[in-house]
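Only one structure is covered here, and it is reproduced in the block below.
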Amino acid sequence: MSVAATPLPTSLYSADAVRSLDHYLINTQGIAGAVLMKRAGRFAFECLTQHWPEARKLHIVCGAGNNGGDGYVVAALAQARGFEVSLRWLADPQSLSGDARRAADYAIQEGVSMAAFDAGETLAADVLVDGLLGTGLNKPVGDRYAAAIAWLNQHDAPVLALDLPSGIHADTGAVQGAAVQAALTTTFVGLKLGLFTGAGRQAAGRVRFSDLDGDTAGAGVTAAAERLDIDRVLASLPARAIDSHKLHYGHLAVVGGDNGLNGAAIIAAEAGLRAGAGMVSLVSRPLTAQIALTRRPELMALGVDAGIDAEPKLAQATALVVGPGLGQAAWGEQLLQQALKRALPTVLDADALNILATHSVALPAASVITPHPGEAGRLLGTDTAAVQADRPAAAVALAQKYGCVAVLKGAGSIIATPEGKRYLVDAGNPGMASGGMGDLLAGIIGALLAQGLSALDAACLGALVHALAGDEQATIEGERGLLATDLLASVRGMLNAL
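All the letters of the sequence shown, read from the start, carry residue numbers 1 to 498 under UniProt numbering.
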């Protein structure tokens with residue numbers, strides 16, 4: 001079994017789906033469960049030795065189920081390789097059954113030192129291994145397991161999590177009361193959706209995957225989501241003809257920029273230019289228009305004091321971005337009404353979403369909404385915590401309620417369709433938690449709509465390029481102090497990498 005670094009698969013599965021894949025391997029392909037467990041343990045151990053080549057002292061904590069069984073296999077392999085291994089269990093090995101019991105017996109035969117877990121014990125280790133809880137967790141962890149999770153997290157040594165960090169919900173990425181914070185997660189058979197969104201993305205650290213030498217292509221199991229791949233999504237952006245002109249690439253109008261919120265609309269408009277729209281107009285307060293033209297003369301800007309005054313400029317547009325710096329006063333509401341009358345491909349962000357949450361408004365067919373979790377909560381009539389508790393479900397609920405493509409922003413942004421399809425952005429970093437990043441994203445997606453992409457293609461390409469641009473810029477000077485406009489050069493470069 002190879003443990004060489006390879007790209008992760010794009011399909012992401014629910015816990016139930018992974019169990020179906022396991023069942024297929026065991027019952028259709030004839031691979032015994034104990035064999036799969038040994039392969040999982042071997043893969044995890046080899047990843048450990050590659051990731052921490054100087055490590056010689058391991059401490060492994062095992063729970064009562066098959067996740068613990070994987071931990072026993074790692075312990076046995078490490079002991080046989082001459083490592084100093086100590087193992088602590090939360091369920092007496094003699095009480096285990098099935099494959100987990102066989103794995104525990106294997107560790108005992110290899111002479112692994114093991115005892116009951118004691119939260120007061122202090123053990124020195126180069127690497128800690130989390131084999132506590134697996135994909136079956138669907139409720140808050142119990143007190144004993146919570147104590148073991150806290151014990152792992154309080155140590156300085158890095159943690160290797162088996163299959164997924166204990167305490168993370170495999171489907172949602174939410175923390176079930178407490179969760180291990182791993183440096184590396186080795187996961188098996190199918191990638192779990194919860195490793196790539198919400199708190200799960202932070203808890204997992206780096207993710208390595210093995211199919212355990214099993215072929216699940218014929219299993220007929222549907223993925224819960226797809227990880228976006230830059231080469232695939234770039235293919236949706238057509239090459240430019242040598243005899244083309246600016247009208248071929250659309251006219252994007254950005255609507256927003258009320259007094260005191262001037263910068264948001266300017267950032268979105270400049271993003272529209274850098275993402276390739278043939279023309280970009282800004283419809284804003286007069287002061288915002290003046291500032292924008294001073295900063296970026298390639299823009300066309302119209303300052304208005306009433307929504308009706310925007311109609312001539314909106315009539316020229318082929319796609320819209322509405323919301324950055326719009327405000328929620330009468331001026332913003334008027335502009336939103338005028339914009340939606342055009343029935344153009346439209347991105348709704350920021351205050352357009354806050355207005356939408358309190359008004360019954362029909363959206364154009366090719367619309368994209370881009371809420372952060374707080375805005376998503378208001379749109380769904382709930383709160384941020386409820387959204388974050390099940391981000392994949394919230395994204396689909398948004399798309400279905402408003403009949404459009406929804407981009408639920410956050411760690412592991414999720415793009416969803418009314419039909420229930422989900423696409424995940426496996427990129428981005430904490431440096432992007434700064435003002436203007438959402439405005440930048442709205443402008444990028446709007447420019448792609450203007451260039452003729454479908455709402456789904458524009459949302460997927462725009463969200464992934466936005467996140468990758470943030471990662472590229474963060475590698476230059478770090479995450480702290482990263483500005484939205486720092487990403488513009490990277491956005492342009494990535495959209496030209498055809």
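All residues carry an ideal CB built from backbone N, CA and C; glycine is no exception.
- Straight-line measurement puts the Cα of T346 at about 23 Å from the Cα of L487.
- Taking 7 Å as the cut-off, the beta carbon of A389 is found no closer than this to the beta carbon of A203.
- Between K401 and the set S413, S86, V361 and D439, the nearest pair of CA atoms involves V361.
- Around the beta-carbon of T216, 16 or more other beta-carbon atoms lie within 10 Å, marking it buried.
- Considered as a whole, the region 139-181 harbours 159-162 as its complete beta strand (DSSP E) runs of no fewer than 3 residues, in chain order.
- Taking C-beta separations shorter than 6 Å and ignoring five residues to either side along the sequence, the partners of R274 in its chain run L488, V491 and R492, following chain order.
- Here S434 carries a coil assignment [DSSP, helix/strand/coil].
- A contact between stretches requires three or more CB pairs, one per stretch, nearer than 8 Å, and the region 97-111 meets this requirement with the region 59-74.
- The alpha carbon of G431 has as its nearest neighbour, out of F43, L237, G481 and G256, the alpha carbon of G481.
- When the five nearest sequence neighbours on each side are left out, no beta carbon in the same chain lies closer than 6 Å to the beta carbon of H245.
- Taking C-beta separations shorter than 6 Å and ignoring five residues to either side along the sequence, the partners of A225 in its chain run L12, L193, R422 and L424, following chain order.
- Taking 7 Å as the cut-off, the Cβ atoms of A399 and A406 count as close.
- Taking the CA atoms as reference points, C404 sits about 11 Å from I415.
- Sequence-distant Cβ neighbours of H466 in its own chain, meaning closer than 6 Å and more than five residues away, are L441 and I444.
- For R88, no alpha helix (DSSP H) run applies; the uninterrupted beta strand (DSSP E) run containing it begins and ends at E84 to W89, by DSSP.
- In this structure H23 is exposed. Its beta-carbon is surrounded by fewer than 16 other beta-carbon atoms within 10 angstroms.
- Taking 7 Å as the cut-off, the Cβ atoms of R88 and V61 count as close.
- Taking 4 residues as the minimum length, the alpha helix (DSSP H) runs contained wholly in the region 180-268 are 199-204 and 230-234, in order along the chain.
- When the beta-carbon positions are compared, V255 and V283 come within less than 7 Å of each other.
- Excluding residues up to 5 positions away in sequence, N262 and I266 lie with their Cβ nearer than 7 Å to the Cβ of I291 in the same chain.
- Setting aside the 5 residues that flank it on each side, M494 is surrounded in the same chain by V465, L468 and A469, each with a C-beta closer than 7 Å to its C-beta; the list follows chain order.
- Taking 7 Å as the cut-off, the beta carbon of S236 is found closer than this to the beta carbon of L461.
- Look at the region 285-339 and you find these whole runs of beta strand (DSSP E), each 3 residues long or longer: 300-303 and 319-322.
- Residue pairing by DSSP leaves R102 without any beta bridge partner.
- The three-state secondary structure of D471, taken from DSSP, is helix.
- Residue pairing of S281 in beta bridges, as defined by DSSP: A253 and M300.
- Assignment of beta-bridge partners to C62 by DSSP yields W89 and G131.
- Beta-bridge partners assigned by DSSP to L12: L191 and A225.
- With a cutoff of 7 Å on beta-carbon distance, L132 and H51 are scored as not near each other.
- Between the region 23-42 and the region 132-148 there are fewer than three inter-stretch CB-CB distances shorter than 8 Å, so the stretches are not counted as touching.
- In the DSSP assignment, the residues bridged to S367 are T346.
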